[in-house]
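Asker: Heads up, the sequence shown stops at 399 in my numbering, and the numbers go up one at a time, no gaps.
Beta carbons: idealized from backbone N, C-alpha and C, even for Gly.
Bear in mind that the values here come from a model prediction, so they are computed numbers and not experimental data.
One structure follows; several queries about it will come next.
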Amino acid sequence: MRLLQAILILLTSLYCAPLMAQEGGETPVVVHGARTDGNDKTAEFILDVAKPVGFSVFALEGPYRLVIDLPDMTFQMEQGIGLVERAMVKNFRFGSFGHSGSRVVLDLSKPTKVVKAYTLPSVDDNPARLVIEMASVSKKEFAEQALRDVIRIRADGKRDTAPVAPSATVDKEADAVEDSRPLIVLDPGHGGIDTGAVSSSGAHESTIVLEFAKALRDVLVKEKHFRVLLTRDRDRFISLGGRVAFAREKKADLFLSIHADIVKEHYVRGATVYTLSDKASDAVAHTLAQQENRSDLIAGLEIEETDDVVADILIDLTRRETANHSALYSRTLVGALKSSVRLSKSPERSAGFRVLKAPDIPSVLLELGYLSNKEDRADLLSDSWRDKAIKSIVKSINKFFAKRSAQSSGLFLPRSG
Ligand SMILES: [Zn+2]
């Protein structure tokens, strides 16, 4: 079991993203502007802030990125900021990771080194600023920097060379240790720096699925048959490994990831349930899994493939058993949704979704519909559609656990077909 433990530790460490703790629960400082100045040799990235705060900068490669970690901030920026390429910055994005801090990620058009970083206090009409000066460097020099340097700047603008404080702990939710009811972990996809799909009308996948998950939780809690936890209950980023680690730490009995993505084929519509497989069931599933698995990259995290180390036969057996249960739940869910909402042409698919990789928890990913389709979009934003879908999901969860308990007491006889 030592291997399993090692994996768990690895997953847990991924969950605790390298962020800066909020000092003393103050109200978050407002960021109200950001820009890049310069050319293709040297450039400055500037954040306008209500008052100077400490921050840290480090580089990541594959693709080239600079990551700026800040305390929890409120971003009040104009829409579409960050999408225009300037100097050596292709684009940038930003968002909150919750109490543990927030982050800005710059996608670079070429290898770039941080030459200097500092803060400037507000003077007259000029706002306070956080400034990062950079210069283009060779690939080799970038790689050295990416391996070694985290530059930390204090709020007073001086470089902080003190040893790094232990990483911030994640929000703890009330543990229900004594409660033996099955635990359902609902996982609203994306959040914070990763908005997920954005529809042509500006609707964010991360918001739609969060609202959906909360409403589903409320109904499940009222039913009293299950305990329910959300991987996130506000607009914050959680890594894919962090979502899995959360479900494992809490000993979830079922993991349901909820999404509403965009596909190129705008005519494609309807709900689809995905399970984990090495080989994608079809091209659409393959593309979607790749898109979803980019989430950590968007947030400026290193992608760590943890599953290749596993060759333990015990884990292998557990996996197979878990895969069977995931498939059973996927069928049950599709069966329940069929009567209330529109399903896609082939509603049961599979691919290598990283968020479904808990070896011991039945896990499925539900695409409620596609934000790229007009009718689906209307459904996703409609309360009555949502209520219908939620009713069916609750039904499917009840049915799944009824089947499982019948199975474990030897009463369950699988029907053919
Ligand atoms: Zn998604």
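Would you call the CB atoms of L90 and R47 closer than 9 Å?
Answerer: Result yes, Cβ atoms of L90 and R47 sit closer than 9 Å.
Asker: Rounded to whole angstroms, what's the CA-CA distance from S183 to E357? Just pull it up for me.
Answerer: Roughly 13 Å between the two C-alpha positions.
Asker: Whole beta strand (DSSP E) runs in the stretch 53 to 111 with 3 or more residues, listed along the chain?
Answerer: Segments of the beta strand (DSSP E) lying fully in the stretch 53 to 111: 55 to 57, 71 to 78, 84 to 90 and 94 to 102.
Asker: Identify whether L222 lies in helix, strand or coil by the three-state DSSP scheme.
Answerer: DSSP places L222 in helix when its eight states are reduced to three.
Asker: Buried or exposed: A52, going by 16 or more other Cβ atoms within 10 Å of its Cβ?
Answerer: Just to set this straight, residue 52 is Leu in the shown sequence, not Ala. With 16 or more Cβ atoms within 10 Å of its Cβ, L52 is classed as buried.
Asker: For K122, does the count of other Cβ atoms within 10 angstroms reach 16, so buried, or fall short, so exposed?
Answerer: Exposed, because fewer than 16 other Cβ atoms sit within 10 Å of the Cβ of K122.
Asker: What would DSSP say about K381, mapped onto helix, strand or coil?
Answerer: It is helical.
Asker: Going by DSSP, what residue range makes up the alpha helix (DSSP H) through T269?
Answerer: Where T269 is concerned, the enclosing alpha helix (DSSP H) stretches over A265 to N275.
Asker: Give me the Cα-Cα distance between I50 and T304, rounded to the nearest whole angstrom.
Answerer: C-alpha separation (whole angstroms): 39 Å.
Asker: Where does L310 sit, in a helix, a strand or coil, going by DSSP?
Answerer: L310: helix per DSSP, three-state reduction.
Asker: Is E187 near ligand 1, with its Cβ less than 8 Å from a heavy atom?
Answerer: Yes, the beta carbon of E187 sits closer than 8 Å to at least one heavy atom of ligand 1.
Asker: For H241, which residues does DSSP report across the bridge?
Answerer: In the DSSP output, where bridge partners are listed per residue, H241 has E349.
Asker: Please confirm whether any heavy atom of ligand 1 lies closer than 8 Å to the CB of G334.
Answerer: No, the beta carbon of G334 sits no closer than 8 Å to any heavy atom of ligand 1.
Asker: Count the other C-beta atoms from every protein chain shown that fall within 10 angstroms of the C-beta of R75, then say buried if there are 16 or more, exposed otherwise.
Answerer: The residue in question, R75, is buried, as its Cβ has 16 or more Cβ neighbours within 10 Å.
Asker: Is the stretch 333 to 340 touching the stretch 220 to 230, taking contact as three or more C-beta pairs under 8 Å?
Answerer: Touching, yes.
Asker: Can you give me the start and stop residues for the alpha helix (DSSP H) that R199 sits inside?
Answerer: From DSSP, the alpha helix (DSSP H) with R199 extends over E187 to E205.
Asker: Can you grab the Cα-Cα spacing for the pair A384 / D200, in whole Å?
Answerer: Whole-angstrom Cα-Cα distance: 21 Å.
Asker: Taking 8 Å as the cut-off, is the C-beta of A179 nearer than that to any heavy atom in ligand 2?
Answerer: No copy of ligand 2 appears in this structure; the ligands present are ligand 1.
Asker: Given this structure, state the Cα-to-Cα distance separating M55 from A197, to the nearest angstrom.
Answerer: In a straight line, the C-alpha of M55 is about 27 Å away from that of A197.
Asker: In angstroms with no decimal places, state the Cα-to-Cα distance between L238 and A128.
Answerer: Going from the Cα of L238 to the Cα of A128 covers about 35 Å.
Asker: To the nearest angstrom, report how far apart S364 and S322 are at their CA atoms.
Answerer: Taking the straight line joining both Cα atoms gives about 14 Å.
Asker: Count the other CB atoms, across all protein chains shown, that sit within 10 Å of the CB of L202; report buried if there are 16 or more and exposed otherwise.
Answerer: With 16 or more Cβ atoms within 10 Å of its Cβ, L202 is classed as buried.
Asker: On the DSSP bridge assignment, give the partners of L325 in chain order.
Answerer: BP columns for L325 point to A253.
Asker: Put G317 into one of helix, strand or coil per three-state DSSP.
Answerer: Three-state DSSP puts G317 in a helix.
Asker: Thinking just about the alpha-carbon of each residue, which of D342, V266, T254 and L362 is nearest to the one in L315?
Answerer: With distances taken between Cα atoms, L315 lies closest to T254.
Asker: Kindly indicate which residue of V35, L319, Y249 and L310 has the alpha-carbon position closest to the one of D138.
Answerer: Among V35, L319, Y249 and L310, the Cα nearest to that of D138 belongs to V35.
Asker: Pull up the CB-CB distance for G174 and F79, whole angstroms please, since I reckon it's below 8 Å.
Answerer: Right, their Cβ atoms sit about 6 Å apart.
Asker: Could you compute how far the alpha carbon of E67 sits from the alpha carbon of R134?
Answerer: If I take the Cα positions, the gap works out to 26 Å.
Asker: Report buried or exposed for H248, applying the criterion of at least 16 other Cβ atoms within 10 angstroms of its Cβ.
Answerer: Classification of H248: exposed, given that the 10 Å Cβ count is below 16.
Asker: If you drop the 5 nearest sequence neighbours on each side, which residues of the same chain put their C-beta closer than 8 Å to that of R251?
Answerer: Contacts found: R324, S326, G351, Y352, N355, E357 and D358.
Asker: If you measure between the beta carbons of V71 and T18, is that distance less than 9 Å?
Answerer: Cβ atoms of V71 and T18: closer than 9 Å.
Asker: Is I28 helix, strand or coil when you go by DSSP?
Answerer: Three-state DSSP puts I28 in a strand.
Asker: So, under 8 Å CB-CB, D30 and P109 are touching, yes? Tell me the CB distance rounded to an integer number of Å.
Answerer: About 4 Å; that satisfies the 8 Å criterion.
Asker: What are the start and end residues of the alpha helix (DSSP H) that includes D361?
Answerer: D361 -> alpha helix (DSSP H) spans K356 to L362.
Asker: Pull the bridge partners of E330 from the DSSP assignment, please.
Answerer: DSSP lists V255 as partners of E330.
Asker: Kindly give me the distance between the Cβ atoms of K98 and V119, rounded to whole angstroms, as I take these residues to be in contact under 8 Å.
Answerer: The Cβ separation is near 14 Å, so there is no contact.
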